[in-house]
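Participant: In this note's numbering, the protein residues as written are 2 to 310.
Handing you this structure, nothing more for now.
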């Protein structure tokens with residue numbers, strides 16, 4: 002149900018949460034009301050009203066202290082997260098292939114940028130951290146973002162602090178497991194070692210450690226609580242006739258990109274063992290994706306045939 006205030010419709014659940022956090026307080030000042038509505042009304046396709054009386058009627062109060070207003074802002078933040086993780090979104094379009102694919106692509110790019118900046122700040126200098134032969138993508142971050150999105154569905158914010166702690170622990174454990182599995186797969190099938198944490202505190206077979214588990218937790222928490230709802234709203238604003246074509250074309254490109262990367266790395270592994278090209282495809286791979294190309298494209302990766310099974 003919705004409560005009508007002139008031209009605006011405000012969900013009763015939102016009115017209730019405001020009353021719950023405001024209690025019997027007098028309400029809000031004009032500026033507080035304006036700032037609060039600027040943050041909330043766009044979610045319901047409403048526009049700011051210049052009529053101050055309307056905003057006061059929507060909120061049902063007149064004045065508020067700074068501490069009271071902070072409590073309401075916290076309530077609004079909680080309501081935003083609850084809305085995104087609601088049953089409607091879990092059953093609706095937020096989990097279809099379209100959303101998950103673009104989450105994967107956007108996160109693959111953002112993750113690559115973040116890792117490049119981290120390497121520059123911590124170790125100095127630039128190092129190529131690409132994960133695929135074409136484009137600025139690091140698929141492990143894309144997989145991590147999709148994983149975090151899927152496992153976080155259905156959570157509701159009863160207490161914000163408890164919600165953040167649960168999300169952090171889930172992302173830290175899930176990210177560490179993902180990193181471990183990715184390292185094992187690359188080393189087992191292709192003899193590729195892209196990272197080795199041997200000798201670090203609480204490392205697990207050199208494939209992951211406590212520090213990067215914490216980093217996964219922080220990244221996942223920031224992604225779920227702040228980045229993800231914004232990205233979903235941005236994706237939903239794209240007209241359907243445009244996003245369908247773009248999704249199909251980019252899906253084909255990414256599929257070919259991943260397949261080519263697997264074949265190029267596998268051929269590099271075979272060359273390291275002295276195996277000659279057996280087909281025209283392998284000859285093409287040798288020409289286009291030589292050892293020099295592989296070493297420059299994947300600077301942080303090392304092919305060790307003796308490590309592969």
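A virtual CB, placed ideally from N, CA and C, is assigned to each residue, including glycine.
Got a sec, what are the start and stop residues for the alpha helix (DSSP H) residue 230 sits in?
Facilitator: Position 229 of the chain shown, counted from the first residue, corresponds to residue 230. Run containing residue 230: 229-237, per the alpha helix (DSSP H) assignment.
Participant: Need the endpoints of the alpha helix (DSSP H) that residue 222 sits in, please.
Facilitator: By one-based count along the chain shown, residue 222 stands at place 221. Residue 222 -> alpha helix (DSSP H) spans 211-223.
Participant: For residue 299, write down the residues that DSSP places opposite it in a beta bridge.
Facilitator: As a first step, residue 299 must be located in the chain shown, where it is residue number 298. Answer is 130.
Participant: Give the secondary structure of residue 202 by DSSP, where H, G and I count as helix, E and B as strand, and everything else as coil.
Facilitator: Translated into the one-based positions of the chain shown, residue 202 becomes position 201. Looking at residue 202 - three-state DSSP - the assignment turns out to be coil, as it is neither helix nor strand.
Participant: Among the candidates 260, 292, 146 and 254, whose CA atom is the shortest distance from the CA of residue 269?
Facilitator: For this step, residue 269 is matched to residue 268 along the chain shown. The shortest Cα separation from residue 269 among 260, 292, 146 and 254 belongs to 292.
Participant: Between the beta-carbon of residue 202 and the beta-carbon of residue 212, is there less than 8 Å?
Facilitator: Here residue 202 refers to the residue found at position 201 when the chain shown is read from its first residue. Here residue 212 refers to the residue found at position 211 when the chain shown is read from its first residue. It is a contact, given that the beta carbons lie within the stated cut-off.
Participant: What's the call for residue 185, buried or exposed, on a 16-neighbour Cβ count within 10 Å?
Facilitator: For the purposes of this step, residue 185 is taken as the residue at position 184 of the chain shown. Result: exposed.
Participant: Grab me the residues of residue 1's own chain with a C-beta within less than 8 Å of its C-beta, minus the 5 sequence neighbours each way, in chain order.
Facilitator: Lying before the first or after the last residue shown, residue 1 is absent from the chain, which here runs from 2 to 310.
Participant: Apart from the five residues just before and just after residue 109, which ones in its own chain have a Cβ nearer than 6 Å to its Cβ?
Facilitator: Translated into positions along the chain shown, residue 109 becomes position 108. Counting only Cβ-Cβ distances below 6 Å, and skipping sequence neighbours, we find 138, 139, 140, 142 and 143.
Participant: Within this structure, are the beta carbons of residue 129 and residue 300 separated by less than 8 Å?
Facilitator: Sequence index remark: in the chain shown, residue 129 carries index 128 (1-based). Sequence index remark: in the chain shown, residue 300 carries index 299 (1-based). Closer than 8 Å, so yes.
Participant: Can you tell me whether residue 177 is buried or exposed? The criterion is at least 16 other CB atoms within 10 Å of its CB, across all chains shown.
Facilitator: In the chain shown, the residue the question calls residue 177 occupies position 176. Label assigned to residue 177: buried.
Participant: In its own chain, which residues sit with a C-beta less than 6 Å from the C-beta of residue 218, not counting the 5 before and 5 after it?
Facilitator: Here residue 218 is taken as the residue at index 217 of the chain shown, counted from 1. Closer than 6 Å at the Cβ level, and outside the excluded window around residue 218, lie 169, 172 and 173.
Participant: Look at the Cβ atom of residue 103, then the Cβ atom of residue 149, and state whether they are nearer than 8 Å.
Facilitator: Numbered from 1 along the chain shown, position 102 holds the residue referred to as residue 103. Numbered from 1 along the chain shown, position 148 holds the residue referred to as residue 149. Not in contact: residue 103 and residue 149 (Cβ atoms no closer than 8 Å).
Participant: Use the C-beta contact count for residue 91: other C-beta atoms within 10 angstroms, 16 or more gives buried, fewer gives exposed.
Facilitator: Within the chain shown, the letter at position 90 stands for residue 91. The predicted position of residue 91 is uncertain, since its pLDDT is 39 and thus under 50; a value taken from the coordinates is nonetheless stated next. Label assigned to residue 91: exposed.
Participant: Taking Cβ to Cβ, would you say residue 263 is nearer than 8 Å to residue 100?
Facilitator: Here residue 263 refers to the residue found at position 262 of the chain shown. Here residue 100 refers to the residue found at position 99 of the chain shown. No; because the gap between Cβ atoms is not below 8 Å, this pair is not in contact.
Participant: Taking just the CA atoms, how far does residue 221 sit from residue 146?
Facilitator: The residue you call residue 146 lines up with position 145 of the chain shown. The residue you call residue 221 lines up with position 220 of the chain shown. The alpha-carbon atoms of residue 146 and residue 221 are separated by roughly 7 Å.
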